[in-house]
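A short write-up of the structure that comes next.
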Amino acid sequence: MENKLLEKLDGLSSKFEEISTLITDPSVIADTKRFIKLNKEYSDLEKIIAKRNEYSSMLHNLQEANTILATERDEELRELARQEVDSISKKLEPLEEEIKLLLVPADPQDGKNAIVEIRGGTGGDEAAIFAGDLFKMYAKFCESKGWKTEVTSFTEGTMGGYKEIIFTVSGTNVYGVLKYESGVHRVQRVPATESQGRVHTSAATVAVLPEAEEFDIELKESDIRTDIFCASGHGGQSVNTTYSAIRLVHIPTGITVQCQDEKSQLKNKAKALVELRTRIYNMEYQKYIDSIASKRKTMVSTGDRSAKIRTYNYPQGRITDHRINYTIYNLPSFMGGDIQECIDQLTIAENAERLKENEL
């Protein structure tokens with residue numbers, strides 16, 4: 007196993023050296039798309055090579071200590087060697103597992119920003135209120151991570167919350183963290199709209215899409231129809247009086263997006279273009295997601311938006327994630343944005359599945 011792992015790591019060392027040379031080549035630097043791709047590859051390999059060096063050094067020290075035990079008669083030296091063997095043996099297995107995980111191809115989208123859409127599902131006004139609660143939860147979580155959130159469009163519910171809200175999240179490894187939130191979120195509680203005090207079940211759908219970058223997909227201006235209209239909803243004087251809201255229709259696919267968040271028509275168009283590019287890109291990405299879903303039992307990171315992934319039970323203060331049978335009783339802090347622990351458990355479950363798929 008050690009030799010097989012080292013063999014694989016040594017092969018990557020050659021690739022790392024090759025990429026190190028390439029990213030200093032002026033012709034590569036001039037090709038933006040290739041340069042960005044190689045830089046990402048360099049960054050990923052750098053972590054693996056650092057672990058490879060640590061692992062190789064550890065194996066060398068273990069071999070030396072075992073040689074001393076086999077040949078040395080001095081008891082003091084033998085005792086030191088025994089301690090060294092014991093110490094390395096404890097560290098070796100966790101390091102091997104860490105390396106194996108690093109060697110498993112990560113989702114190429116994980117490092118991207120994300121576009122998140124939340125829609126009220128079954129439950130009418132209460133579903134819209136719950137969609138609003140989920141938006142606040144994600145906004146607070148993103149704030150705690152130092153990520154930037156920007157709302158692009160929304161439709162308010164008649165009793166509060168949102169029938170639909172779409173927002174972008176920018177930062178480090180955003181999609182890699184938020185992708186686990188895609189699916190149906192179910193809530194059980196006494197709605198504010200209920201006079202009899204009965205517990206109702208409502209739902210909201212969350213979709214998390216990796217934001218497409220400009221070089222991921224090429225949009226032709228001739229394929230896009232642009233509609234300009236007055237913004238609606240809460241806002242300043244410009245709302246309902248200025249033609250600043252933008253609707254873009256991608257003629258070949260029929261995909262429609264709109265943005266009315268900014269007072270400036272140009273800014274709204276720029277945001278709408280990002281979302282349009284992302285939605286077209288995700289038509290292809292969905293095929294990749296589906297291929298993962300067919301292999302993974304827990305469907306941790308699938309884009310199946312019809313799958314019920316989590317229940318929020320207010321009377322019991324309980325949250326249950328159905329993909330990994332994970333239950334916690336800290337609903338108030340969870341709804342306050344403290345969702346990292348649950349995401350960590352989902353990540354652990356997915357990593358276990360990734361390792362199983364790619365057993366060395």
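Going by the numbering used here, the letters in the sequence shown line up with residues 7 to 366, in that order. We put the CB at the ideal spot given by N, CA and C, even for glycine.
Classify residue i: buried if its beta carbon has 16 or more other beta carbons within 10 angstroms, exposed otherwise.
| i | result |
| --- | --- |
| L83 | exposed |
| L51 | buried |
| P216 | buried |
| K169 | buried |
| C265 | buried |
| L272 | exposed |
| N288 | buried |
| I135 | buried |
| A218 | buried |
| D16 | exposed |
| Y335 | exposed |
| T284 | buried |
| G163 | buried |
| G241 | Legend: pLDDT at G241 = 47, less than 50; position of this residue unreliable, value from coordinates given subsequently. The residue is exposed, with fewer than 16 neighbouring Cβ atoms inside 10 Å. |
| C424 | Limits of the chain in this structure are 7 at one end and 366 at the other, which puts residue 424 out of reach. |
| C236 | exposed |
| S250 | buried |
| S270 | exposed |
| E281 | buried |
| E78 | exposed |
| E356 | buried |
| G323 | exposed |
| I55 | buried |
| Q346 | exposed |
| D327 | buried |
| E370 | Past the boundaries of the shown model lies residue 370; the chain is included only from 7 to 366, so the question cannot be answered. |
| K118 | buried |
| G203 | exposed |
| S33 | exposed |
Considering only the beta carbon of each residue, do residue i and residue j sit closer than 7 Å?
| i | j | result |
| --- | --- | --- |
| T128 | E156 | no |
| A210 | L140 | yes |
| G167 | A137 | yes |
| I29 | L18 | no |
| I74 | E47 | no |
| Y186 | L352 | yes |
| A278 | V255 | no |
| L68 | I94 | yes |
| K57 | I121 | no |
| A76 | V91 | no |
| S208 | V193 | yes |
| R316 | H191 | yes |
| K275 | I261 | no |
| T158 | D267 | yes |
| L108 | Y61 | no |
| D233 | I257 | no |
| I354 | F340 | no |
How many whole angstroms separate the CB atoms of residue i and residue j, which I take to be in contact at a CB cut-off of 8 Å?
| i | j | result |
| --- | --- | --- |
| I152 | G177 | Just to set this straight, residue 152 is Gly in the shown sequence, not Ile. Between G177 and G152 the Cβ distance is about 6 Å, and since that is below 8 Å, they are a contact. |
| V212 | I124 | 5 Å |
| G3 | K146 | No answer is possible for residue 3: it lies beyond the span of the chain, which begins at 7 and ends at 366. |
| I223 | I286 | 6 Å |
Measuring only between beta-carbons, confirm whether residue i sits less than 7 Å from chain B.
| i | result |
| --- | --- |
| E149 | No chain B is present in this structure, which holds just one protein chain. |
>> Threshold first: 4 residues or longer. Then list the alpha helix (DSSP H) segments lying entirely within the stretch 144 to 228, N to C.
In response: Here the runs fully enclosed are 180 to 184.
> If you scan the stretch 18 to 92 from start to end, which runs of the alpha helix (DSSP H) of 4 or more residues do you find wholly inside it?
Replying inline: List check, alpha helix (DSSP H) in window: 32 to 36 and 38 to 77.
> Would you call the stretch 177 to 191 and the stretch 112 to 122 in contact, with 3 or more CB pairs under 8 Å?
Replying inline: By the Cβ rule, the stretch 177 to 191 counts as touching the stretch 112 to 122, because three or more pairs are nearer than 8 Å.
>> To test your reading of the DSSP string, which unbroken beta strand (DSSP E) runs of 3 or more residues are found completely within the stretch 309 to 335?
In response: The stretch 309 to 335 contains these whole beta strand (DSSP E) runs: 314 to 319, 324 to 327 and 332 to 334.
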